[in-house]
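Numbering (full-length UniProt numbering), first residue to last: 1 to 402.
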């Protein structure tokens, strides 16, 4: 930061300052006119430009008032003009966006054209970056640990999609118990014989969720809502998580804790996955864990496709050890397994778990609020985002750099 005072100014610096006038809110400076390299004896005042935020993806669509009155009051926003990975890397190397303090990705369908946020990209970020705030609950496309080890918060859209994803999960629960997909496929044939045969069959194979055990793998904001909604239709709820909830939370939610995944699988009539995808959870559900599940149990995945080993799932369904599955996410997304698509006891959707307009509005708003909570008017770190996913690594970094 420059202070008012005496400054040695070269011709090159004068030109740079001249080009930067549009980015400065107030600049008053006097330069000697007769030398190319001299000491400026005139005192000047310089008001720094607002901190810069790098905006990835589509422009703001919903929260225009908040963006214009709150967000732009503190930050200067620049849009990424280098979409593919090589172009984006070159832009970062050239420091085309300057010393930006935050990365803002308000929509999860756009802004990811540069691919995986790994060491290659993260290593090119300026030291000024404080936070990466993105839409979407998932973050397997970003190395949040590597960001944290550089002192950069990663904040996702947790909370914005809780209602939508939990509603989708409830739909899946009802579908796998009551065979709704089988019934719908039969009705869409418009064939009276198929209609009648399916009507009779479903009455002999379907069950009510009431009185059955729902096993939740992970107990976060979404699955807590799932627990409430499942209990409303008469299910009892058990859960496994690497971090156990406090006793008062368990009591309030009326949920039973299992200290191992295997213990949960053994007692659950329906298992619903609510965990991020990482090296520990990839293929968490595999041939071994599927064999542990109760005969005729059901599996629901609204988290990430690669948490489930797809071939093992198909085999369990074909053999009948699993009676049904509900999948909103897919292993090779957007490609859906043709073998799963052919199964009438499998409910499939197109990763619409959080796909509601309300979710999009809140994703956009929450990303802005997270940046405002974290970065001050001079680009300094002033706090924490409300939905951090890498707090452990950021706090370790901050402690070591005190």
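All C-beta atoms in this analysis are idealised placements derived from N, C-alpha and C, irrespective of residue type, glycine included.
Given the structure is predicted, the values throughout are model-derived calculations rather than measurements.
- Taking C-beta atoms as the reference points, residue 97 and residue 124 fail to come closer than 8 angstroms.
- Contact annotation: residue 194 and residue 183 have beta-carbon atoms that are not nearer than 8 angstroms.
- Rounded to whole angstroms, residue 232 and residue 329 show a C-alpha spacing of 25 angstroms.
- Using a C-beta cut-off of 8 angstroms, the segment 304-313 makes no contact with the segment 145-154, since fewer than three inter-stretch Cβ pairs fall below that distance.
- For the pair residue 142 and residue 157, the CB atoms are not nearer than the 8 angstroms cut-off.
- Counted as a single uninterrupted DSSP element, the beta strand (DSSP E) harbouring residue 326 occupies residues 322-327.
- Counting only the Cα atoms, residue 190 lies some 46 angstroms from residue 280.
- In the same chain as residue 119, and ignoring 5 residues on each side of it, the C-beta atoms closer than 8 angstroms to its own belong to 143 and 146, in chain order.
- Pairing residue 89 with residue 129 gives a Cβ-Cβ distance that is not under 8 angstroms.
- Looking at the DSSP output, residue 73 bridges to nothing.
- Non-local C-beta neighbours of residue 348 in its own chain, meaning closer than 7 angstroms and more than five positions away in sequence, comprise 327, 336, 340 and 341, ordered along the chain.
- The shortest C-alpha to C-alpha distance from residue 344 to any of 382, 356, 84 and 314 is the one to 314.
- Counting along the chain, the unbroken alpha helix (DSSP H) around residue 393 starts and ends at 391-400.
- The distance from the Cβ of residue 394 to that of residue 151 is about 6 angstroms, consistent with a contact at the 8 angstroms cut-off.
- Scanning its chain for C-beta atoms nearer than 6 angstroms, with the 5 sequence neighbours on each side dropped, one finds around residue 107 the residues 57, 58 and 135, in chain order.
- A direct Cα-to-Cα measurement between residue 375 and residue 382 gives close to 6 angstroms.
- By the Cβ rule, the segment 261-269 does not count as touching the segment 157-173, because fewer than three pairs are nearer than 8 angstroms.
- A direct Cα-Cα distance of roughly 14 angstroms separates residue 332 from residue 302.
- Residue 276 places its beta carbon less than 8 angstroms from that of residue 140.
- Annotated three-state conformation of residue 256 is strand, per DSSP.
- Within 10 angstroms of the beta-carbon of residue 365 lie 16 or more other beta-carbons, which makes it buried.
- Between the alpha carbons of residue 299 and residue 228 lies a gap of roughly 19 angstroms.
- Annotated three-state conformation of residue 370 is helix, per DSSP.
- The alpha-carbon separation between residue 100 and residue 52 amounts to approximately 5 angstroms.
- For residue 240, there is no enclosing alpha helix (DSSP H); the enclosing beta strand (DSSP E) has its first and last residue at 236-240.
- The beta carbons of residue 114 and residue 85 sit closer together than 8 angstroms.
- Taking every protein chain shown into account, the CB of residue 94 has fewer than 16 other CB atoms within 10 angstroms, so this residue is exposed.
- Taking C-beta separations shorter than 8 angstroms and ignoring five residues to either side along the sequence, the partners of residue 373 in its chain run 382, 383, 384, 385 and 386, following chain order.
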